[in-house]
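Undergrad: In this text, residue positions in the sequence shown follow the numbering used here: the first is 55, and each later residue adds one.
One structure is given below, represented as structure tokens, and several questions about it will come after.
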Amino acid sequence: MATNGGPGPNINANKNSSSSGSGGNGGGGGGGANEEQRWRERLANRIAGVRSPTPEQIYQQDLFNNCAVKAIIAGVAGVPMGLMFGLVFGGGSALDPLPTSAAQSAAQLRAEESMTNMQKVVQYWRDTGRRSWGMAKTFAAMGFLYAGSECIVEQARAQHDVYNSVAAGCFTGGAMAARSGPQAMCLGCAGFAAFSALIDIYLEH
């Protein structure tokens, strides 16, 4: 009897230790599952926070990436800039063409001397308006040509770098000087391309 009773407590102790060990392992597994569940919830919240663009936003982005739209916007923006330059330089400034002969200069001087002060003021603002409108048209054409050509070159090359600005500047300068002959077109191309490159490098850096 004493011999049979001896192993009994040991068996019970082994059972208790096994059950406690399995409970500890179960607790560890439960902790890992909870951590994974929390990670999945955080990931789902982040994905839910990223909103895909609406069809209206996609349409607006495509619209403003259109080269024709960019050219029109730049042309319209050039109008007030030209008007501002016209007001700064004013009427009767050094930008007016010089008389071609002494007789023309004398006639112009006599005409100015015969005008009253009010007539001179009216003439000044008339010349200012004429000059402002001329500069507005020039800046509008310049912005239209430059923005449109740069957009076309950029889409054709599929790259955004200074070479797009150089090509657009050369085309714009040559086109603006087309009425003055080939030599003026070459000078306009080189000058406007260099200016565009300097502006682009300055803005990038």
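From the three backbone atoms N, C-alpha and C, an ideal C-beta is built for every residue, glycine too.
These figures come from a predicted structure and were not determined experimentally.
1. Do you know how far the Cα of A232 is from the Cα of Q173?
2. If I'm right that L141 touches S186 with Cβ under 8 angstroms, what's the distance once you round it to whole angstroms?
3. Return the Cβ separation of M196 and M230 in integer angstroms, given the expectation that the two are a contact with Cβ distance under 8 angstroms.
4. Spatial neighbours of C224 within its chain, please: C-beta separation below 7 angstroms, excluding the five flanking residues on both sides.
5. Using the Cα positions of A201 and E110, report the straight-line distance between them to the nearest angstrom.
6. Alpha helix (DSSP H) containing P107: first to last residue?
7. Only counting runs of 3 or more residues, tell me where the beta strand (DSSP E) segments fall wholly within the segment 155 to 212, in order along the chain.
8. Here's the rule: buried if 16 or more other CB atoms are within 10 angstroms of the residue's CB, otherwise exposed. What is N218?
9. In or out: M169 buried (at least 16 other Cβ within 10 Å) or exposed?
10. Closer than 6 angstroms by C-beta to V133: which residues in its own chain qualify, once you throw out the five before and the five after it? Chain order, please.
11. I'd like the list of long-range same chain contacts for G221, defined as Cβ closer than 6 angstroms, with 5 residues on each side in sequence excluded.
TA: With the given structure in hand:
1. 37 angstroms
2. 6 angstroms
3. 6 angstroms
4. C243, F246, A247
5. 25 angstroms
6. Counting along the chain, P107 falls outside any alpha helix (DSSP H), and DSSP gives it neither H nor E.
7. none
8. buried
9. exposed
10. A190, A194
11. Residue 221 is actually Ala in this sequence, not Gly. Around A221: V207.
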